[in-house]
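Residue numbers (the working numbering): -8 to 636.
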């Protein structure tokens, strides 16, 4: 998934047309649920750090706002077909009426994506559509969007274990033919923009999202007690375990309203008032659809049902004042969350319970224009964020994780215009009760987290774009950071006596936080309409947990790990990967544009891993790490042909 400043996707706020996209409970953004949404997007804005106030969960690493396709005055039809490695096929059709009668337009997209995947059996079958109808008046714009995604993907959640990765990098421990994730998500949006006067304008949205689906899995010799059943006695035989197939369902609804007023009382003052109210209703339930042994259940036996409710309200006021070469801004947000869920009480009984949180998120900044091309800036922002569903349901009120707070300090310089543009940014992100990743995953591949009292991320980010000539361009980014936890304790399970052994560290590096990330894109246009680009990325090594490979006193990696670097350390090696992109556009009499493309990913056939998980344990005087890695594909190809009419 996407990471910004070492923060995982659940900590990145994502909106589509200003409407929250992050799942209300897990806080993740699952773009697989809206396949090929990029084909219906006009622009994507990425903001690092806390950023300005936005709807949905607070941004702790960054925020992404996706704006879907905008007005096109002339009718069009576009076909895009791609084929590539691992039986990858993508078909997309885009059509639009253009402006009808000076006021109306209709647009649509239909997409299908299939791939067998790099990992064994990790196939994906994805379908989606996007429909939009718009009205454009003198002062009013109304747009209705309906988009749906369907995904059926074979599971490869756990990654490749350390004992297999050297011999079979495409290994998948799942073999059951229907070990799949099967989910449909429908989005409905009504967007309104109203110019009230020369100084006042309003924008708002009504939205509804319906999601429903399940993941299916085979469980070998599973205890019937795990499903609220008692052992079944047949004569002298007692059935305590059985092979079975289960489905875990999620049936959810998310709806609400967003609004924003923009007021320009003078030429140098910009005032904004906005916010949102959203409600989420989640229905979690599980079924046993097959049992090898007769255990006295009906077909599609339901073994659990949990209901969740979440109400989320926020309101913000933002002002921007320009005084000659100085721009000042302030941003104040209040956010209220009510969450009701089924979780453990102090006696480990499952009971319906709730949590209420109130957050105040102030922000302020200043920008000074040195001249027309150069400026410097500084900002400070406070962000607060609630724990997610797993944080709540896997704990009792006494052990429940706390909400986390981020104090984000930023300063930098930017230049633009001419052949060179870019900037440098310095950041210091101080956390209180940060929920950090332990390196472990739950049974559906979601990360397990815990609070740490004091931690921080600090670094320098540089980006630049150099137009070397009319045909040659170079764009690059680099980030150097330090990511630390103060006074961290890690528990190791001892298999010999089933005890917990604690490791205490005064200062340690936060998991999944590389200290250096760099990217480069060199593009060359040899002929009109043609482009060759080399895309390069380097990511330094990172740790799978928060111990920096430190083990409890008296314990060392087991000798059986010798010769296997994937098993001996709880870390991911750094990697440098290069992609080659070729594209050529031309037209003929009957076709407005023909686009030919070829993408060669990982052109140097690098073997690398981008993420992973670890489950260290102790036995005798040895540490057994039990590492799993998300292995990335070696050299692969994708060719495309697009036609525009």
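Every residue gets a Cβ at the ideal spot worked out from N, C-alpha and C, and that includes glycine.
Residue 497 Cβ short of 7 Å to the ligand HEM heavy atom set: The ligand HEM is absent from the structure shown, which contains no ligands of any kind.
With 16 other Cβ atoms within 10 Å as the buried cut-off, status of residue 435: Here residue 435 refers to the residue found at position 444 of the chain shown. Confidence at residue 435 is low in this model, with a pLDDT of 48, below 50, so its placement is unreliable and the value that follows should be read with caution. By the beta-carbon neighbour count (other beta carbons within 10 angstroms, threshold 16), residue 435 is exposed.
CA-to-CA distance, residue 514 to residue 193, given in whole angstroms: Residue 193 sits at position 202 when you count from the first residue of the chain shown. Residue 514 sits at position 523 when you count from the first residue of the chain shown. When only Cα atoms are considered, residue 193 and residue 514 end up about 41 Å apart.
Burial state of residue 363 (16 or more Cβ within 10 Å): Here residue 363 refers to the residue found at position 372 of the chain shown. With fewer than 16 Cβ atoms within 10 Å of its Cβ, residue 363 is classed as exposed.
Other residues of its chain near residue 218: CB distance less than 7 Å, five sequence neighbours each side excluded: The sequence position of residue 218 within the chain shown is 227, counting from 1. Answer for residue 218: 279, 294, listed in chain order.
Selected residue, minimal CA-CA separation from residue 234, among 126, 252, 281: Your numbering for residue 234 matches position 243 in the chain shown. Selected option, being the one with the closest Cα: 281.
For residue 350 and residue 387, the rounded distance between their alpha carbons: Along the chain shown, one-based indexing puts residue 387 at 396. Along the chain shown, one-based indexing puts residue 350 at 359. A straight-line Cα-Cα distance of about 22 Å links residue 387 and residue 350.
Expected contact under 8 Å - CB spacing of residue 355 and residue 371 to nearest Å: The count along the chain shown starts at 1 and reaches residue 355 at position 364. The count along the chain shown starts at 1 and reaches residue 371 at position 380. That pair is a contact at about 6 Å.
Residue 216, DSSP secondary structure in three states: Taking the first residue of the chain shown as position 1, residue 216 is located at position 225. Correct three-state label for residue 216: helix.
Selection from 88, 465, -8, 428 that minimises the alpha carbon distance to residue 474: For the purposes of this step, residue 474 is taken as the residue at position 483 of the chain shown. Among 88, 465, -8, 428, the Cα nearest to that of residue 474 belongs to 428.
Closest by C-alpha distance to residue 105, when choosing among 82, 246, 123: Numbered from 1 along the chain shown, position 114 holds the residue referred to as residue 105. The shortest C-alpha to C-alpha distance from residue 105 to any of 82, 246, 123 is the one to 82.
Bounding residues of the beta strand (DSSP E) (the contiguous stretch that carries residue 268): Position 277 of the chain shown, counted from the first residue, corresponds to residue 268. Taken as a continuous stretch (DSSP letters only), the beta strand (DSSP E) holding residue 268 covers 260 to 282.
Cut-off 8 Å between Cβ atoms - residues of its own chain near residue 545, not counting five sequence neighbours on either side: Stepping through the chain shown from its first residue, residue 545 is reached at position 554. So the list reads 612, once near-sequence residues are dropped.
Alpha-carbon to alpha-carbon, residue 453 and residue 466: Within the chain shown, the letter at position 475 stands for residue 466. Within the chain shown, the letter at position 462 stands for residue 453. Their backbone Cα atoms lie some 11 Å apart in a straight line.
Unbroken beta strand (DSSP E) run spanning residue 82, endpoints: Position 91 of the chain shown, counting from 1, holds the residue named residue 82. 79 to 87 is the extent of the beta strand (DSSP E) around residue 82.
With 16 other Cβ atoms within 10 Å as the buried cut-off, status of residue 296: Here residue 296 corresponds to residue number 305 of the chain shown, with the count starting at 1. When all chains shown are included, residue 296 counts as exposed.
Sheet register partners of residue 358 (DSSP bridge): Reading the chain shown from its first residue, position 367 is the one you call residue 358. Residue 358 pairs with 318, 368.
Beta-bridge pairing of residue 481 - partner residues as DSSP gives them: Sequence index remark: in the chain shown, residue 481 carries index 490 (1-based). Beta bridge pairing from DSSP links residue 481 with 494.
Pick from 548, 509, 571 that is closest to residue 523, judged by C-alpha positions: Numbered from 1 along the chain shown, position 532 holds the residue referred to as residue 523. By alpha-carbon distance to residue 523, the top candidate from 548, 509, 571 is 571.
CB of residue 566 within 8 Å of CB of residue 617, strictly: Stepping through the chain shown from its first residue, residue 566 is reached at position 575. Stepping through the chain shown from its first residue, residue 617 is reached at position 626. Taking 8 Å as the cut-off, the Cβ atoms of residue 566 and residue 617 do not count as close.
Those runs of the beta strand (DSSP E) which lie wholly inside the region 562 to 624 and span at least 3 residues: Listed in chain order, they are 566 to 579, 582 to 592, 600 to 605, 608 to 610, 613 to 615, 618 to 622.
Top-ranked residue by Cα proximity to residue 30, from 222, 41, 99: Residue 30 sits at position 39 when you count from the first residue of the chain shown. Comparing Cα-Cα distances from residue 30 to each of 222, 41, 99, the minimum goes to 99.
Which of helix, strand or coil DSSP assigns to residue 24: Here residue 24 corresponds to residue number 33 of the chain shown, with the count starting at 1. The answer is helix: DSSP assigns residue 24 an H, G or I state.
Identity of the residues DSSP links to residue 11 by a beta bridge: Locating residue 11 in the chain shown gives position 20, where the first residue counts as 1. Under DSSP, residue 11 takes part in a beta bridge, and its partners are 6.
Residue 435 (DSSP reduced to helix, strand or coil): Position 444 of the chain shown, counting from 1, holds the residue named residue 435. Residue placement at residue 435 cannot be trusted, given a pLDDT of 48 that sits under 50; what the coordinates show is reported in the next sentence. Reduced to three states, the DSSP call for residue 435 is coil.
Residue from 577, 635, 619, 627 with nearest C-alpha to residue 162: Counting from one through the chain shown, the residue named residue 162 turns up at place 171. Closest option to residue 162, Cα to Cα, is 619.
Where residue 224 falls: helix, strand or coil (DSSP): For this step, residue 224 is matched to residue 233 along the chain shown. Strand.
Helix, strand or coil at residue 304 according to DSSP, with G and I counted as helix: The count along the chain shown starts at 1 and reaches residue 304 at position 313. The three-state secondary structure of residue 304, taken from DSSP, is strand.
Candidates 626, 633, 628, 548: closest to residue 587 by CA position: Position 596 of the chain shown, counted from the start, is the residue given in the question as residue 587. With distances taken between Cα atoms, residue 587 lies closest to 633.
The region 304 to 315 touching the region 77 to 96, judged by at least three CB pairs closer than 8 Å: Not touching, per the Cβ criterion.
Euclidean distance between Cα positions of residue 88 and residue -3: For this step, residue 88 is matched to residue 97 along the chain shown. For this step, residue -3 is matched to residue 6 along the chain shown. Going from the Cα of residue 88 to the Cα of residue -3 covers about 43 Å.
Residues near residue 499 by beta carbon distance below 8 Å, same chain, minus five either side: Reading the chain shown from its first residue, position 508 is the one you call residue 499. Excluding five sequence positions before and after residue 499, the CB atoms of its chain that fall closer than 8 Å to its own CB belong to 475, 476, 479, 537, 538, 539, 541, given in chain order.
Residue 346 in three-state terms, based on DSSP: As a working note, residue 346 is residue 355 in the chain shown. Strand, per DSSP.
Of the listed residues 470, 511, 510, 521, nearest to residue 462 (C-alpha basis): In the chain shown, the residue the question calls residue 462 occupies position 471. When each option's Cα is compared against that of residue 462, the closest is 521.
Same chain, Cβ closer than 6 Å to residue 160, neighbours up to 5 away in sequence not counted: Numbered from 1 along the chain shown, position 169 holds the residue referred to as residue 160. Answer for residue 160: 622, listed in chain order.
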